[in-house]
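With UniProt numbering applied, the sequence shown corresponds to residues 1 to 104, in that order.
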Amino acid sequence: SISNINLQYYPLPMTTAAISSSSNVLLNLFLFASLIAAALAAGNFYQNFDLTWGDGRAKILNNGQLLTLSLDKASGSGFQSKNEYLFGKIDMQLKLVPGNSAGT
């Protein structure tokens, strides 16, 4: 059984209430450039995460875009972020054992 986990970090831009129109254009341009840079940097497991345990049960695939964690009768696997984040998003797909798992 394999769990596929995709993790991406989405920073939330800071906004200010009273800014002049010329400053507002510059601020919007800066926020747009920041979001593009964050989107390009997000989701690389090779650069941002360490495989902490699992004896080969954790694997990074697809040029760092996909992390697979396996669980068997002997053990599981784990990973840890190299950085601390205030916000984040995790998308996960689980493959359960037919007839031997909750919900199957």
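For each residue, glycine too, the CB sits at the ideal point set by N, CA and C.
Out of the options, point me to the one whose CA is closest to residue i's CA.
i     : options                    : result
Ala73 : Asn63, Gly54, Gly64, Phe87 : Position check: residue 73 holds Lys in this sequence, whereas Ala was assumed. It is Gly54 whose Cα lies nearest to the Cα of Lys73.
In angstroms, rounded to a whole number, what distance separates the CA positions of residue i and residue j?
i     : j     : result
Asn48 : Ser77 : 17 Å
Gln80 : Gly99 : 31 Å
Lys59 : Phe87 : 24 Å
Asn83 : Asp50 : 10 Å
Would you grab the beta carbon distance between residue i and residue j for me? Rounded to a whole angstrom, and I think it's under 8 Å.
i     : j     : result
Gly64 : Tyr46 : 4 Å
Using 10 angstroms around the beta-carbon of residue i, count the other beta-carbons present and answer buried if the total reaches 16, otherwise exposed.
i     : result
Leu94 : exposed
Leu67 : buried
Leu96 : exposed
Leu69 : buried
Considering only DSSP beta bridges, list what residue i is partnered with.
i     : result
Leu66 : Leu61
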